[in-house]
Each structure stands twice: as structure tokens, then as C-alpha cells.
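Asker:
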């Protein structure tokens, strides 16, 4: 549950970032961020 | 309802929210990509014309004619590029870009927005009028030096500096005063603006040098020194000898380095003059 919530918070942050600043010009960068939003909870935190 | 069921429902809600977030991110990215392609397509015919105008190579006036005829929906997309070019050019290209903005009603819109309820709009309007550098706009931007929003005051001051209208100098000095515990305008911004206005601000500086406000005297002393306004030298000598504020005396002491003569060495405070640096 806690991991799911952490992933959700990151995803919402990415959505807001994409809407406001659109720094990620390539789909691949966006995919990497989405994968990282899951992986960051494994060991990193 | 058992704890297990509650956890299951909460997990499902979080999972659905995650999936929704990913979908939202993908939609935003997709829509932005499409808008970018559409925008590039609409702007493509005008890119060469804008570059020609901004580089001053529109000798036959074709670029001007093409850009003046840009339809309103395309102009909304082209406008940021025109505004981005303005601070980078001088002379005829800057005048041409300013006239282009005027022809599309941007100056009129900016003038109206100077009194908008939104601080962002007021600041943007002042910024645009500053970029166009029309001396007639100085009187319109000047009241924003007393704006309740500090950022708007800052942008307005810089716009006045860009316009370079010396009649606004006394307004800039007036904005230095602290009002209801708030600094009207940072001293270094006011100094930059006054220096940008040039030597014609000397009368305003001479009045400012005897102001009752130390911030005003200080900025005037700095500007008189950096701008080599030699007619202010006698007043600076008086400030150096008599002013109660250390900052003002320090600024007045530095100014003779640029506008003073050999006689000013004697006027320097003895310990400062002989200090080994």
C-alpha cells in the first residue's frame, strides 16, 4: 500500500511537470521516468 | 467490512489512480506533440520573413508585408518569437518589430493590461512596452513604480530604463522610498535604470543628492560616480564631508575616483585615504 502511494505521488508530480514545463521532449525519457517511479521504491528509499 | 477488504479497496483505488495518472501523462504528451507539429506548420511560411526583419535584411519590404498580413490565430503563435527577438536587436530591426507588434494591436492590449487586476499581466504589459522602447509609453509605465506588487515595480523600472526616457528619473528615485515597511525598489535596480537613462537625468540626480531619504542620496551618489556626471561633483564632496549615513558617504567617496580631480584627495577621510589595500 505504501509503495503504491509513493508511486502515485511520483506519477502525479510527473503529470504536473509535463503539463507545466514539458521538459521531456522524447517518449523514451517519459518512459524512463515512469519506470524510475516504480524502481525508486526498491532499495533507493 | 473487514480490514482485509478495506486494504483491498484502498489498493484498488491507488492502482486505478496510478493507471489514470499514466494515461493523463500520455495524453498531455500526445496533445503537446500534435500542437507542436501544428504550430511549426503554421509558422513555417513566416519564419524566413521574421528572420529577415529581425536581421535588418528586409530591403524590399516583402517580409514586412507578409508579417503584417499574418492572421490572428497564427499571430498568437508567432508573437512569442517576435517578443523574443526584440531584446536582441537595435536600430531599424527593433523599430520594425515594434511596429509589427503595434500593427497587431499588442501595444494597445499592453496599455490596457497596465491596469489589469492580475499582477502578471501588468508586469508583462510593462515588459512589452519597455521592449518596444517607445518614449510615449514612459508616462504610461511610470505609475506602475507605485504598484502594490514588488515584482511589477521591478519590471516597470527596468522597462523605463529600456525606454530611456530621462523625464522618468525622478519617478524612479521616488520609488526608492520605503512604503509601509516595504522597499519600493531595490537600490541596484534603480541605479541601473538611471544609468541607462543617461546624462540627461542630471537635474533629477542633483535634486536626489539632497533628498531626506538616505537610499535616494546613496543611489544618486552611485549613479553620479558611475555615470561620470561631473556636474554633481560639488554636491558629492558635501555628502562625503557631512552626510550622516555611512553608505552614502562611502558612495560619495568612490564617485570622485571617476569624476573628481587632484583636489579631492584632500577631501577624503584621512584613514581611508591612507589605508593599505
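Residue numbers (our numbering), protein chains in the order written: chain R, 25 to 69; chain B, 204 to 480.
For glycine and all other residues, C-beta sits at the position ideal for the given N, C-alpha and C.
A quick note: this is a predicted structure, and the numbers were derived from the prediction, not measured.
Under the rule that 16 or more other beta-carbon atoms within 10 Å means buried, what is residue 382 of chain B, buried or exposed?
Answerer: By the 10 Å Cβ count, residue 382 of chain B comes out exposed.
Asker: Just the C-alpha distance for residue 449 of chain B and residue 420 of chain B, rounded to the nearest angstrom, thanks.
Answerer: When rounded, the distance between both Cα atoms is 11 Å.
Asker: Could you give the distance in angstroms between the alpha-carbon of residue 325 of chain B and the alpha-carbon of residue 367 of chain B?
Answerer: In a straight line, the C-alpha of residue 325 of chain B is about 20 Å away from that of residue 367 of chain B.
Asker: How long is the line joining the alpha carbons of residue 281 of chain B and residue 271 of chain B, rounded to whole angstroms?
Answerer: Residue 281 of chain B and residue 271 of chain B: Cα-Cα distance of roughly 12 Å.
Asker: Note down the Cα distance separating residue 30 of chain R from residue 220 of chain B, rounded to an integer number of angstroms.
Answerer: One C-alpha to the other measures close to 12 Å.
Asker: Would residue 229 of chain B pass as a contact of residue 54 of chain R if the rule is Cβ separation under 9 Å?
Answerer: Contact flag set, yes.
Asker: In whole angstroms, what is the alpha-carbon distance linking residue 357 of chain B and residue 332 of chain B?
Answerer: Spanning the two alpha carbons is a distance of roughly 14 Å.
Asker: Which of the three DSSP states is assigned to residue 476 of chain B in this structure?
Answerer: Only weak support is given to the placement of residue 476 of chain B: the predicted model assigns it a pLDDT of 47, under 50, and the value that follows is read from those uncertain coordinates. Here residue 476 of chain B sits in helix by DSSP.
Asker: Spatial neighbours of residue 257 of chain B within its chain, please: CB distance less than 6 Å, with the 5 preceding and 5 following residues excluded, ordered by chain position.
Answerer: Excluding sequence neighbours, residue 257 of chain B sits near 288, 292, 296.
Asker: What is the residue span of the alpha helix (DSSP H) that residue 412 of chain B lies within?
Answerer: Segment: none, residue 412 of chain B is in no alpha helix (DSSP H) and carries neither H nor E.
Asker: I need the boundaries of the alpha helix (DSSP H) containing residue 286 of chain B, first residue and last residue.
Answerer: Residues 275-288.
Asker: Is it right to say residue 265 of chain B is buried, meaning 16 or more other beta carbons lie within 10 angstroms of its own, or is it exposed?
Answerer: Residue 265 of chain B comes out exposed.
Asker: Does the separation of the CB atoms of residue 373 of chain B and residue 411 of chain B fall below 9 Å?
Answerer: Contact flag set, yes.
Asker: If you run the structure through DSSP and keep just helix, strand and coil, what is residue 385 of chain B?
Answerer: Strand, per DSSP.
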